[in-house]
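Visitor: full-length UniProt numbering applies: residue 1 is where the sequence shown begins, and numbers increase by one.
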Amino acid sequence: MGDEDVDGKCKNMSACSSTTSYSTKLFLFMVPLVVISGFVFVNIGPKDSTSLLTSLSTTTSHLPPPFLSTAPAPAPSPLLPEILPSLPASSLSTKVESIQGDYNRTIQLNMINVTATSNNVSSTASLEPKKRRVLSNLEKIEFKLQKARASIKAASMDDPVDDPDYVPLGPMYWNAKVFHRSYLEMEKQFKIYVYKEGEPPLFHDGPCKSIYSMEGSFIYEIETDTRFRTNNPDKAHVFYLPFSVVKMVRYVYERNSRDFSPIRNTVKDYINLVGDKYPYWNRSIGADHFILSCHDWGPEASFSHPHLGHNSIRALCNANTSERFKPRKDVSIPEINLRTGSLTGLVGGPSPSSRPILAFFAGGVHGPVRPVLLQHWENKDNDIRVHKYLPRGTSYSDMMRNSKFCICPSGYEVASPRIVEALYSGCVPVLINSGYVPPFSDVLNWRSFSVIVSVEDIPNLKTILTSISPRQYLRMYRRVLKVRRHFEVNSPAKRFDVFHMILHSIWVRRLNVKIREV
1 MGDEDVDGKC KNMSACSSTT SYSTKLFLFM VPLVVISGFV FVNIGPKDST SLLTSLSTTT
61 SHLPPPFLST APAPAPSPLL PEILPSLPAS SLSTKVESIQ GDYNRTIQLN MINVTATSNN
121 VSSTASLEPK KRRVLSNLEK IEFKLQKARA SIKAASMDDP VDDPDYVPLG PMYWNAKVFH
181 RSYLEMEKQF KIYVYKEGEP PLFHDGPCKS IYSMEGSFIY EIETDTRFRT NNPDKAHVFY
241 LPFSVVKMVR YVYERNSRDF SPIRNTVKDY INLVGDKYPY WNRSIGADHF ILSCHDWGPE
301 ASFSHPHLGH NSIRALCNAN TSERFKPRKD VSIPEINLRT GSLTGLVGGP SPSSRPILAF
361 FAGGVHGPVR PVLLQHWENK DNDIRVHKYL PRGTSYSDMM RNSKFCICPS GYEVASPRIV
421 EALYSGCVPV LINSGYVPPF SDVLNWRSFS VIVSVEDIPN LKTILTSISP RQYLRMYRRV
481 LKVRRHFEVN SPAKRFDVFH MILHSIWVRR LNVKIREV
């Protein structure tokens with residue numbers, strides 16, 4: 001047995017020696033093959049990382065919507081809209097991306113997911129720690145805006161935020177919690193750079209005591225405000241072009257000449273000036289710049305420069321979709337007639353039980369809507385008081401305060417100061433127009449505190465208003481009193497007033513645009 005074991009061992013060792021020799025050869029053959037395969041694998045792939053780079057993914061958030069549509073019965077649509085048209089790639093030094101959305105009627109945020117791939121692959125791990133890339137000023141701005149988008153998007157699921165001044169609640173808002181969070185984010189970080197070029201009266205000046213008072217009021221507040229204004233353009237989210245169309249009409253336009261070229265050339269020269277002096281206009285093709293105008297010619301003046309009209313944010317009283325107003329990009333602001341430059345004597349009115357008149361209107365006959373209104377209702381009904389001229393000794397403001405509903409038909413343009421005058425006096429507005437986007441309708445649900453009537457339904461006006469029950473009217477009246485703080489002009493400005501609501505609308509449209517360096 002011992003011999004057999006020894007012999008057996010010897011036999012096995014011989015076989016093992018043969019096997020070891022074969023394995024060694026196989027190992028020596030496989031090693032270079034594995035090394036070569038690894039080298040080929042590492043170096044296969046796109047040489048340019050941008051070929052697989054940056055896919056912009058838009059996950060739609062189903063928060064309630066912002067803008068009323070152009071029709072009297074608007075379809076739902078959101079606050080953060082898609083705002084830019086296609087821009088020519090050849091003219092871009094900075095890539096501008098718009099966040100896509102359903103265009104609902106409240107603040108809707110679509111998260112931007114950017115996925116990048118890199119061809120900087122090494123077959124061996126480096127022992128040295130990688131240096132963190134320093135972000136540019138623009139990248140820092142966009143990073144903070146992305147955090148704001150995420151915070152606003154989550155607001156509808158969070159508990160209400162305590163606010164010592166005001167917490168918006170009720171059906172007057174498409175989504176009160178989302179609006180409030182967006183407003184707080186604006187207060188926390190929104191910065192505006194005002195170009196210093198230009199001198200009064202055309203620039204840095206505007207009327208404060210007329211139907212166009214929003215131009216002068218806004219310019220004054222934005223240039224004296226220290227909370228939102230920055231003197232460092234590298235820290236700005238948006239850039240304000242501080243010219244007044246009203247002043248241009250007065251000082252540049254030759255009356256009755258019908259020659260619009262002086263205004264057009266003034267706007268064009270100003271854009272070219274800031275575009276040549278600063279990099280900010282050209283890097284976004286004007287998408288993060290804005291103007292504000294209440295004059296009827298504001299929309300036309302904005303198209304003096306093609307990129308201003310098509311790309312920039314335009315805050316306009318004349319928010320008429322038939323004149324190329326784009327609710328996803330532009331801002332509808334209220335037309336406010338400050339006769340004395342202040343609200344003294346304009347705000348307030350009696351309770352509903354002390355308002356004996358059902359509806360009231362008095363005004364000149366111009367535009368396509370008012371002649372129809374006067375034809376059907378002028379001096380024909382004691383409940384529907386419609387006048388071309390007020391009877392002698394009758395006060396216009398007293399008539400509004402004594403009326404439950406105030407009729408606000410459009411004239412030559414869709415905007416009318418009567419809308420804000422109605423809110424100030426506690427009178428429920430009756431909007432009669434076509435193609436009009438009411439102010440702040442990305443946040444406010446106008447149907448909850450106003451009546452929207454088509455031009456075709458003017459003959460049925462009394463039937464429409466009397467069909468509103470006393471209980472529903474009281475609800476609308478109380479909502480008017482709650483939302484009018486958003487239309488009040490204060491100097492200095494107060495939180496949630498008209499100045500801050502305009503800023504918030506501009507802030508929202510800036511959130512819709514992502515600008516990245518290329």
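Positions of the beta carbon are idealized from the N, C-alpha and C atoms, including for glycine.
The structure presented is a predicted model; accordingly, all values stated were derived computationally and were not measured.
Put V267 into one of helix, strand or coil per three-state DSSP.
Guide: The answer is helix: DSSP assigns V267 an H, G or I state.
Visitor: Is the separation between the beta-carbon of R510 and that of D330 shorter than 8 Å?
Guide: For R510 and D330, no; Cβs fall outside 8 Å.
Visitor: Comparing the C-beta of H204 with each C-beta of chain D, is any distance below 8 Å?
Guide: The structure shown contains no chain D; it holds only a single protein chain.
Visitor: How about I141 and H237: are their beta carbons less than 8 Å apart?
Guide: Their beta carbons are under 8 Å apart, which means I141 touches H237 by this criterion.
Visitor: Are there 16 or more other CB atoms within 10 angstroms of the CB of N382, so buried, or fewer, so exposed?
Guide: Exposed.
Visitor: Give the straight-line distance between the Cα atoms of I458 and S322, rounded to the nearest whole angstrom.
Guide: Cα to Cα, the separation comes out at about 21 Å.
Visitor: Please tell me whether R370 and G411 are closer than 8 Å, where the distance is taken between their beta carbons.
Guide: For R370 and G411, yes; Cβs fall inside 8 Å.
Visitor: Considering only residues of the same chain and omitting the five flanking positions on each side of I506, which have a CB-CB separation below 7 Å?
Guide: Taken in chain order, the residues that qualify are V238, F290, I313, A315, V331.
Visitor: Using only the alpha-carbon positions, how far apart do Y240 and N490 sit?
Guide: C-alpha separation (whole angstroms): 21 Å.
Visitor: Where does the unbroken beta strand (DSSP E) through P429 begin, and where does it stop?
Guide: First-last of the beta strand (DSSP E) with P429: 428–432.
Visitor: Buried or exposed: where does T224 fall if 16 or more other Cβ atoms within 10 Å of its Cβ makes it buried?
Guide: Exposed is the call here.
Visitor: By the three-class DSSP mapping on this structure, what secondary structure does H366 have?
Guide: Reduced to three states, the DSSP call for H366 is coil.
Visitor: Report buried or exposed for E488, applying the criterion of at least 16 other Cβ atoms within 10 angstroms of its Cβ.
Guide: So E488 ends up on the buried side.
Visitor: Using the Cα positions of S354 and F360, report the straight-line distance between them to the nearest angstrom.
Guide: Going from the Cα of S354 to the Cα of F360 covers about 15 Å.
Visitor: Strictly by DSSP, which residues pair up with I152?
Guide: Note: I152 sits in no beta bridge, so no partner.
Visitor: In chain order, what residues of the same chain lie with their CB nearer than 8 Å to the CB of M400, ignoring the 5 residues before and after it?
Guide: So the list reads G349, F360, C406, E421, A422, S425, C427, once near-sequence residues are dropped.
Visitor: Locate the beta strand (DSSP E) running through V252, then write down its first and last residues.
Guide: Taken as a continuous stretch (DSSP letters only), V252 belongs to no beta strand (DSSP E), as it is neither H nor E.
Visitor: So what does DSSP say about L358, is it helix, strand or coil?
Guide: Correct three-state label for L358: strand.
Visitor: Below 8 Å on the Cβ atoms is my contact criterion, and I expect E413 with N318 to pass it. Report the Cβ-Cβ distance as a whole number of Å.
Guide: The pair is a contact, with the Cβ atoms about 5 Å apart (cut-off 8 Å).
Visitor: Looking at K388 and V365, is the spacing between their C-beta atoms short of 8 Å?
Guide: Yes; because the gap between Cβ atoms is below 8 Å, this pair is in contact.
Visitor: If you check the beta carbons only, do I384 and K462 fall under 8 Å apart?
Guide: Yes, these two residues count as a Cβ contact at 8 Å.
Visitor: Are at least three pairs of beta-carbons, each pair with one atom in the region 155–169 and one in the region 203–210, less than 8 Å apart?
Guide: Flag = no, the region 155–169 and the region 203–210 do not touch.
Visitor: Can you tell which of I468, R328, L273 has its C-alpha closest to the C-alpha of F440?
Guide: Comparing Cα-Cα distances from F440 to each of I468, R328, L273, the minimum goes to R328.
Visitor: Whose C-alpha, out of R471, S304, D163, H486, is nearest the C-alpha of P262?
Guide: Cα-wise, what sits closest to P262 is S304.
Visitor: Identify the continuous beta strand (DSSP E) that holds I515 and give its terminal residues.
Guide: Note, I515: beta strand (DSSP E), 513–517.
Visitor: Just tell me which of Y173, L202, T226, R255 has its CA closest to the CA of Q191.
Guide: For clarity, residue 191 is Lys in the given sequence; the question names Gln instead. For the residues Y173, L202, T226, R255, the minimum Cα distance to K191 belongs to T226.
Visitor: Nearest-angstrom Cα distance between A154 and G363?
Guide: Roughly 46 Å between the two C-alpha positions.
Visitor: In the region 367–399, which residue ranges form an unbroken beta strand (DSSP E) of at least 3 residues, counting only runs that do not cross its ends?
Guide: Taking only runs of at least 3 residues, the beta strand (DSSP E) segments lying wholly in the region 367–399 are 384–387.
Visitor: One question on the structure: do L444 and Y173 come within less than 8 Å of each other, judged by their Cβ atoms?
Guide: Yes, they are a contact pair.
Visitor: Answer yes or no: do S244 and E335 have a C-beta to C-beta separation smaller than 8 Å?
Guide: No, they are not a contact pair.
Visitor: In chain order, what residues of the same chain have a beta carbon less than 7 Å from the beta carbon of F41, not counting five sequence neighbours either side?
Guide: For F41, the predicted structure reports a pLDDT of 36, less than 50, and the residue's modelled location is therefore unreliable. A value from the coordinates is still provided. Answer for F41: no residue qualifies.
Visitor: In this structure, does DSSP put R495 in helix, strand or coil?
Guide: DSSP places R495 in coil when its eight states are reduced to three.
Visitor: By the 10 Å Cβ neighbour count, where 16 or more other Cβ atoms means buried, how is K404 classified, buried or exposed?
Guide: Its Cβ being crowded by 16 or more others within 10 Å, K404 is buried.
Visitor: Quick check on S395: buried or exposed, where buried means 16 or more other Cβ atoms within 10 Å of its Cβ?
Guide: When all chains shown are included, S395 counts as exposed.
Visitor: Give the C-beta separation of V430 and V453 to the nearest angstrom, bearing in mind that I take them to be a contact with Cβ-Cβ under 8 Å.
Guide: Right, the Cβ-Cβ distance comes to about 6 Å (below 8 Å), so this counts as a contact.
Visitor: What is the DSSP secondary structure of H307, reduced to helix, strand or coil?
Guide: Here H307 sits in helix by DSSP.
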